[in-house]
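Peer 1:
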Amino acid sequence: MTTLPITHVTLYKHGVGFFERQANVSGQEVELTFRVEEMNDVLKSLTAMDQGGGQVLSVNYATPQSREERLAGSSVHMGDTRSLQDLMISLRGRPVRLLLDQGESVEGRLVGIDEMPQRQPLDTTLVSILVSGGERVETLSLGRLRGVEILDETAAGDLRFFLDTALTQEDYRRVVIHLTPGDHDLAVHYVAPAPTWRVSYRLVAEEEEHHRGQVLLLGWGIVDNRLEEDLENVSLSLVAGMPISFRYDLYTPFTPERPLVKEEARVAAGPVGFEAQTLGVAADQVERAPVMRAAFAEGGAPAPAMPARAKMSREALAGAAQVATSGEALGELFQYVIATPVTIGRGQSAMVPIVSAGMPYRKDLLYNGNKLAAHPVATLRFQNESHLTLERGPVTVVEKGEYVGEAVLPFTVDGGEVVVPYSVELGVKVREEAGSGREIQGLHIRATYLIIEEWDVRWREYRLTNSTGGPMIVLVEHPRTAHYDLFDTPAPAERTAEQYRFEVEVLGRGETVLRVQERRLLRRQEELLRQSLEGLEKFHRQGLLDRQTHNKAAEVLRLWASIAENEQRLKDLETDRQKIYAAQQQIQGNMGALSTAGKEGALRTQYVDQLAASEEQLKDVGQQEADLKAEIERLKQEVDKRLRAL
-7 MTTLPITHVT LYKHGVGFFE RQANVSGQEV ELTFRVEEMN DVLKSLTAMD
43 QGGGQVLSVN YATPQSREER LAGSSVHMGD TRSLQDLMIS LRGRPVRLLL
93 DQGESVEGRL VGIDEMPQRQ PLDTTLVSIL VSGGERVETL SLGRLRGVEI
143 LDETAAGDLR FFLDTALTQE DYRRVVIHLT PGDHDLAVHY VAPAPTWRVS
193 YRLVAEEEEH HRGQVLLLGW GIVDNRLEED LENVSLSLVA GMPISFRYDL
243 YTPFTPERPL VKEEARVAAG PVGFEAQTLG VAADQVERAP VMRAAFAEGG
293 APAPAMPARA KMSREALAGA AQVATSGEAL GELFQYVIAT PVTIGRGQSA
343 MVPIVSAGMP YRKDLLYNGN KLAAHPVATL RFQNESHLTL ERGPVTVVEK
393 GEYVGEAVLP FTVDGGEVVV PYSVELGVKV REEAGSGREI QGLHIRATYL
443 IIEEWDVRWR EYRLTNSTGG PMIVLVEHPR TAHYDLFDTP APAERTAEQY
493 RFEVEVLGRG ETVLRVQERR LLRRQEELLR QSLEGLEKFH RQGLLDRQTH
543 NKAAEVLRLW ASIAENEQRL KDLETDRQKI YAAQQQIQGN MGALSTAGKE
593 GALRTQYVDQ LAASEEQLKD VGQQEADLKA EIERLKQEVD KRLRAL
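For the sequence shown, counting from 1, position 339 maps to 331 in the working numbering; every step adds exactly one.
Following this line, the structure appears as structure tokens:
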């Protein structure tokens, strides 16, 4: 059966690969083999095209069953160590022709075999056959058997099915593409799980002036061949981005459950009649990112003579790893297409060059306490001028021919800035202090409310100490806070989406303090009548209220204080009234026990006089209450009038 070689592989970052197989083939079947776990993706994506004018008739594959499950319905079953005996047992009752030694043959229906105990010679096993055309059973020694011709087509088909099933490995499934007769130019494309490709970089920096120079960026894509075949002279593409991808179980047969409806018991009904319908029944009631082509140049410049120790240099590496690239749009993705065909053996991995570009760089010390406390980090910074989108990956930094550190190069589009932090500068130490507070900015009186505007202030101090002998310039990163603005702070040298960067120079053996202050304006309101005269006076002294507004507001508060005093006097009068009521009740109780004659009569007269006096007191209390309520109402009207005037 014909197979197709792989001609192109595209690997993605989310664990799948797109494979292309193509060849000129003859015949009506082409076989492909896949792992069981690959079948869902293959069934979801496989496309077969005959570019030579023929047709693809069907694509067949085995259902997801174990070997025992697939053979359960077969009449032929054979073990691994006694195939002939098991075949004879399976053919019992079937018409066969037994081919014997000395050119003899016997035709009939197989009765069975009689086996001797184990480890006996094969000659001791007997085969019985009902000879055709008669009723005679002939017994033969199995050792004389030279061949079996199966005359029953069903049994022959079961034997072929058993052998085809035995050929299939449990972890693999065969997919057979059926074609029309003739020659074909067949191309097959499909998606299957594949290890994600990785990238690693080398960054070779050579300083030409103070903290500036040229850097060579080399990128190598790492790919793995986990296929059950060698990849020979295969074109390779490496794609980055986030295409939507998922698993969908198409391989496992699925039969939805249906409701079980039982036959209902019925009683025969008597005849009924309906009038015929005269009207007819209506019929409807029944890149952005670019494509990168990368390959080593055919021949690099020979390496110049080196001293005893060969140091890594930018020029030498640039000559040894020249990468040719070209770009084209690829939607929301970008890809590196390796121009030179790649050969990767089965179970092997390979590194292929995808980036080689020289760019100017500068070196900075960056400090960010959230990422690394106490010390700044030495960084190489450059613009991505490679005309490629750089995929995220580890980078090894070499400076002046020496290894100086490592970093992770972030995902960077063409033209974007690359910041590579590779080493901690222990000669500079940074300490931080932070605080916050509120400062009133202004006051306004609106209706019955005091509108207070105040600054919510946050500050942070960075104290940088340089223990080296030379000056250092450190870029201090300070997080940008939404809705807060800088004030009384040096202008930042740089701004990013999330950070301010302040340039701070620290002399040798010296110390420098950077204070960053941010604030935002908040507004809140309080009832004016809940304020105090002392508070208004404080606001006036702070310049937040002018004298005229202060005096008007103070007069309102005085009037409101008078209202409060009068309301308290009303409460006191009510207390007096209750005391009078209590005294009257006591007097009335005492009077009930006295007679009207003699001394008791005189005492009773005194009690009557006291009751009369208390009634006058109650009238006086009532009058005072009326006067106070009238005064309170007048004062409230005056307060409302003055508040409206404010």
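Beta carbons are placed, not taken as given, at the ideal position from N, Cα and C, and that holds for glycine. All of these numbers come straight from a predicted model, not from anything done at the bench.
Should Arg204 be flagged as near chain B, meaning a C-beta pair shorter than 9 Å?
Peer 2: In the displayed structure, chain B is absent; only one protein chain is listed.
Peer 1: Can you name the start and end residues of the alpha helix (DSSP H) that Leu620 belongs to?
Peer 2: As a working mapping, residue 620 is identified with position 628 in the sequence shown. Run containing Leu620: Gly590 to Ala637, per the alpha helix (DSSP H) assignment.
Peer 1: Helix, strand or coil, according to DSSP, for Asn654 in the structure here?
Peer 2: Residue 654 lies beyond the residue range present for the chain, which begins at -7 and ends at 638; the question has no answer from this structure.
Peer 1: Considering only their Cβ atoms, is the gap separating His475 from Arg452 smaller than 9 Å?
Peer 2: Within the sequence shown, the letter at position 460 stands for residue 452. Within the sequence shown, the letter at position 483 stands for residue 475. No; because the gap between Cβ atoms is not below 9 Å, this pair is not in contact.
Peer 1: Roughly how many angstroms separate the alpha carbons of Glu518 and Val387, rounded to a whole number?
Peer 2: Within the sequence shown, residue 518 is the residue found at index 526, counting from 1. Within the sequence shown, residue 387 is the residue found at index 395, counting from 1. C-alpha separation (whole angstroms): 59 Å.
Peer 1: Return the first residue and the last residue of the alpha helix (DSSP H) that Tyr573 is part of.
Peer 2: Position 581 of the sequence shown, counted from the first residue, corresponds to residue 573. Arg539 to Gly584 is the extent of the alpha helix (DSSP H) around Tyr573.
Peer 1: Output the distance between the C-alpha atoms of Phe11 and Glu107, rounded to the nearest integer angstrom.
Peer 2: Locating residue 11 in the sequence shown gives position 19, counting from the first residue. Locating residue 107 in the sequence shown gives position 115, counting from the first residue. C-alpha separation (whole angstroms): 53 Å.
Peer 1: Would you mind working out which of Arg512, Glu417, Gly385 and Glu383 sits nearest Val396, comparing C-alpha positions?
Peer 2: Reading the sequence shown from its first residue, position 404 is the one you call residue 396. Residue Glu417 is the option with its Cα nearest to Val396.
Peer 1: Could you tell me the alpha carbon to alpha carbon distance between Leu228 and Thr(-1), rounded to whole angstroms?
Peer 2: Taking the first residue of the sequence shown as 1, we reach residue 228 at position 236. Taking the first residue of the sequence shown as 1, we reach residue -1 at position 7. Rounded to whole angstroms, Leu228 to Thr(-1) spans 9 Å at the Cα level.
Peer 1: May I have a chain-ordered list of the beta strand (DSSP E) segments no shorter than 3 residues that lie completely inside the stretch 163 to 207?
Peer 2: Within the stretch 163 to 207, the complete beta strand (DSSP E) runs of at least 3 residues are 164 to 171, 175 to 185 and 190 to 201.
Peer 1: On the three-state DSSP scale, how would you describe Val28?
Peer 2: Counted from its first residue, the sequence shown places residue 28 at position 36. If DSSP states are grouped into helix, strand and coil, Val28 belongs with the helices.
Peer 1: Where does Gly429 fall in DSSP's three states?
Peer 2: The sequence position of residue 429 within the sequence shown is 437, counting from 1. Of the three classes helix, strand and coil, the one that applies to Gly429 here is strand, per DSSP.
Peer 1: Based on the DSSP secondary-structure assignment, which residues constitute the bridge partners of Asp106?
Peer 2: For this step, residue 106 is matched to residue 114 along the sequence shown. According to DSSP, which records beta bridges pairwise, Asp106 is partnered with Leu118.
Peer 1: With a CB to CB cut of under 6 Å and the five nearest residues on each side skipped, what residues in its chain are close to Arg498?
Peer 2: Against the sequence shown, residue 498 aligns to sequence position 506. Note on identity: in this sequence residue 498 is Val, with Arg being the wrong assignment. These residues qualify, in order along the chain: Leu456, Asn458, Met464 and Thr504.
Peer 1: Should the stretch 153 to 172 be regarded as contacting the stretch 117 to 135, the criterion being three or more beta carbon pairs within less than 8 Å?
Peer 2: The answer is no - the stretch 117 to 135 does not touch the stretch 153 to 172, with fewer than three Cβ pairs under 8 Å.
Peer 1: For Glu518, which beta-bridge partners are listed by DSSP?
Peer 2: Translated into positions along the sequence shown, residue 518 becomes position 526. Note: Glu518 sits in a beta bridge opposite Leu442.
Peer 1: Apart from the five residues on each side of it in sequence, which residues of its chain come closer than 7 Å, Cβ to Cβ, to Ala575?
Peer 2: Residue numbering aside, residue 575 sits at position 583 when the sequence shown is read from its first letter. Within the same chain, Ala575 has close Cβ partners Ser606.
Peer 1: For my contact list, Lys355 and Leu382 are in at a C-beta cut-off of 8 Å; report their separation, rounded to the angstrom.
Peer 2: Taking the first residue of the sequence shown as position 1, residue 355 is located at position 363. Taking the first residue of the sequence shown as position 1, residue 382 is located at position 390. Not really, about 19 Å apart at Cβ, beyond 8 Å.
Peer 1: Three-state secondary structure (DSSP) at Ser82?
Peer 2: Here residue 82 refers to the residue found at position 90 of the sequence shown. Looking at Ser82 - three-state DSSP - the assignment turns out to be helix.
Peer 1: Who are the near neighbours of Pro333 in its chain, counting only those whose CB is closer than 7 Å to its CB and skipping five residues on each side?
Peer 2: Indexing the sequence shown from 1 puts residue 333 at position 341. So the qualifying residues of the chain are Asn225, Val226 and Ser227.
Peer 1: Using CA atoms only, rank isn't needed, just tell me which of Glu625, Val215, Gly590 and Gly427 is closest to Gly337.
Peer 2: Here the question's residue 337 lines up with position 345 in the sequence shown. Ranking the options by Cα distance to Gly337, first place goes to Val215.
Peer 1: Assess contact between the stretch 590 to 599 and the stretch 509 to 527, defined as three or more Cβ pairs (one per stretch) separated by less than 8 Å. Is contact present?
Peer 2: Touching, no, given that fewer than three Cβ pairs across the two stretches are closer than 8 Å.
Peer 1: Using the C-alpha atoms, what's the distance from Tyr182 back to Pro245?
Peer 2: In the sequence shown, residue 245 corresponds to position 253, counting from 1. In the sequence shown, residue 182 corresponds to position 190, counting from 1. Going from the Cα of Pro245 to the Cα of Tyr182 covers about 21 Å.
Peer 1: Please classify Arg512 as buried or exposed, where buried requires at least 16 other C-beta atoms within 10 Å of its C-beta.
Peer 2: Along the sequence shown, one-based indexing puts residue 512 at 520. Exposed is the call here.
Peer 1: Could you compute how far the alpha carbon of Gln340 sits from the alpha carbon of Leu24?
Peer 2: Within the sequence shown, residue 340 is the residue found at index 348, counting from 1. Within the sequence shown, residue 24 is the residue found at index 32, counting from 1. Each residue's Cα considered, the two are about 21 Å apart.
Peer 1: Between the stretch 38 to 51 and the stretch 205 to 222, are three or more C-beta pairs nearer than 8 Å?
Peer 2: No, because fewer than three Cβ pairs between the stretch 38 to 51 and the stretch 205 to 222 fall closer than 8 Å, the two stretches do not touch.
Peer 1: Let's see if you can read the secondary structure: which residues bound the beta strand (DSSP E) around Lys355?
Peer 2: For the purposes of this step, residue 355 is taken as the residue at position 363 of the sequence shown. Residues Ser341 to Tyr359.
Peer 1: Give the DSSP-derived three-state secondary structure of Ala158 in the structure shown.
Peer 2: Indexing the sequence shown from 1 puts residue 158 at position 166. DSSP places Ala158 in helix when its eight states are reduced to three.
Peer 1: Measuring CA to CA, which of Asp72, Leu242 and His202 is closest to Gln34?
Peer 2: Reading the sequence shown from its first residue, position 42 is the one you call residue 34. What sits at residue 34 in the sequence shown is Val, not Gln. Checking every option, the nearest Cα to that of Val34 belongs to Leu242.
Peer 1: With burial defined as no fewer than 16 other Cβ atoms inside 10 Å of the residue's Cβ, what is the status of Ile432: buried or exposed?
Peer 2: Numbered from its first residue, the sequence shown carries residue 432 at position 440. Exposed.
Peer 1: Going by CA-CA distance only, name the one from Ser587, Pro173, Trp212 and Arg450 that's closest to Arg190.
Peer 2: Numbered from its first residue, the sequence shown carries residue 190 at position 198. Nearest option by C-alpha distance: Trp212.
Peer 1: With a threshold of 16 other CB atoms inside 10 Å of the CB of Asp150, please say whether the residue is buried or exposed.
Peer 2: If you number the sequence shown from 1, residue 150 lands on position 158. Label assigned to Asp150: buried.
Peer 1: What span of residues does the beta strand (DSSP E) with Leu528 cover, start to end?
Peer 2: Within the sequence shown, residue 528 is the residue found at index 536, counting from 1. That residue, Leu528, is in no beta strand (DSSP E); its alpha helix (DSSP H) goes Leu525 to Arg533.
Peer 1: Under 9 Å between the Cβ atoms of Leu171 and Gln47?
Peer 2: Your numbering for residue 171 matches position 179 in the sequence shown. Your numbering for residue 47 matches position 55 in the sequence shown. Their beta carbons are under 9 Å apart, which means Leu171 touches Gln47 by this criterion.
Peer 1: In angstroms with no decimal places, state the Cα-to-Cα distance between Tyr492 and Arg472.
Peer 2: Counting from one through the sequence shown, the residue named residue 492 turns up at place 500. Counting from one through the sequence shown, the residue named residue 472 turns up at place 480. Cα to Cα, Tyr492 sits roughly 6 Å from Arg472.
Peer 1: In angstroms, rounded to a whole number, what distance separates the CA positions of Ser37 and Ser133?
Peer 2: Taking the sequence shown and counting its residues from 1, one reaches residue 37 at position 45. Taking the sequence shown and counting its residues from 1, one reaches residue 133 at position 141. Rounded to the nearest angstrom, the two C-alpha atoms are 56 Å apart.
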